Amino acid sequence: MRGDQPDERAAFDRFFQTWYGRVSAQIHAYLGDRTEAEDVSQEAFLRAWQKWRDISSYDDPVAWVRRVAWNLATNRLRRLTVAARALRRQPLVPPVPGVQPDHVALVAALRTLPERQRRVIVLHYIADLPTAEIAATLGVPQGTVLSWLHRGRAKLAEHLSETSSGEAVTS
Numbered sequence: 001m002r003g004d005q006p007d008e009r010a011a012f013d014r015f016f017q018t019w020y021g022r023v024s025a026q027i028h029a030y031l032g033d034r035t036e037a038e039d040v041s042q043e044a045f046l047r048a049w050q051k052w053r054d055i056s057s058y059d060d061p062v063a064w065v066r067r068v069a070w071n072l073a074t075n076r077l078r079r080l081t082v083a084a085r086a087l088r089r090q091p092l093v094p095p096v097p098g099v100q101p102d103h104v105a106l107v108a109a110l111r112t113l114p115e116r117q118r119r120v121i122v123l124h125y126i127a128d129l130p131t132a133e134i135a136a137t138l139g140v141p142q143g144t145v146l147s148w149l150h151r152g153r154a155k156l157a158e159h160l161s162e163t164s165s166g167e168a169v170t171s
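Numbering (full-length UniProt numbering) for the sequence shown: 1 to 171.
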């Protein structure tokens with residue numbers, strides 16, 4: 001049930017103001033699409049508001065919101081798999097003015113990673129979460145997170161070095 005008291009509303013507003021940008025940035029790095037990331041983040045925070053009385057008592061309410069946002073983003077990726085494959089076959093669009101080529105290359109490289117590796121790379125390097133917290137969030141051992149980080153970094157380095165040397169990348 002949604003919080004109806006002014007104090008609950010103020011507490012949620014503070015929570016939202018503090019965490020929305022960070023969660024949205026993490027999801028944006030994961031999805032590679034700002035609009036989709038904002039939609040997913042808004043949905044996660046809406047669900048938090050609807051259950052705010054319960055969620056506000058959690059030790060770490062943002063962990064709940066982050067997990068919901070990641071689940072929503074993953075579900076959205078699954079639904080868009082066919083469309084994404086079709087888009088990958090289309091010719092590349094010239095970079096948007098104001099977007100740095102390095103940013104475009106990094107987003108493209110992140111998209112080549114398996115979902116688990118992409119998720120831990122984003123959570124560790126963009127959300128700045130420690131590996132122990134990532135492990136707890138994903139429900140896997142910390143060693144698994146470290147392994148995914150290692151493999152993801154290696155694949156990113158390989159992809160980015162191939163791209164910068166002008167070689168064609170086939171993924």
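Beta carbons: idealized from backbone N, C-alpha and C, even for Gly. Computed from a prediction, not measured in an experiment: that's the story for all the values here.
Distances from the alpha-carbon of Ala-108 to those of Arg-79, Ala-69, His-28, Asp-54 put His-28 closest. Leu-77 and Glu-38 have their C-alpha atoms spaced approximately 14 Å apart.
In this model, Arg-111 and Gln-5 are separated by some 43 Å (Cα to Cα).
Residues Ala-37, Ala-73 of the same chain have their beta carbon placed closer than 6 Å to that of Leu-31, with the five preceding and five following residues left out of the count. Under the three-pair Cβ rule at 8 Å, the segment 128-146 does not count as touching the segment 43-59. Between Arg-22 and the set Ser-56, Val-122, Ile-55, Ser-147, the nearest pair of CA atoms involves Val-122.
Note on the segment 8-73: whole alpha helix (DSSP H) runs with a minimum of 4 residues are 34-50, 52-55, in chain order. The C-beta distance from Ala-44 to Ala-69 rounds to 4 Å, short enough to fall under 8 Å.
Put simply, the backbone Cα of Arg-116 is about 23 Å away from that of Tyr-20. Ser-147 is the residue among Ser-147, Arg-67, Asp-128 whose C-alpha sits nearest the C-alpha of Pro-114. DSSP places Gly-152 within a helical segment (H, G or I) once states are collapsed to three. The alpha-carbon separation between Leu-156 and Arg-9 amounts to approximately 42 Å.
Annotated as distal: His-124 and Leu-106, with beta-carbon spacing of 8 Å or more. The beta carbons of Thr-131 and Arg-67 sit about 17 Å from each other, so the pair does not count as a contact at 8 Å.
Burial of Arg-119 is indicated by the presence of at least 16 other C-beta atoms within 10 angstroms of its C-beta. The residue from Ala-25, Ile-55, His-159 with its alpha-carbon nearest to that of Phe-15 is Ile-55.
Within the same chain, Cβ atoms closer than 7 Å to the Cβ of Tyr-58 are found at Trp-64, the five residues on either side in sequence being excluded. Counting the other CB atoms within 10 Å of its CB gives Leu-46 a total below 16, which places it among the exposed residues.
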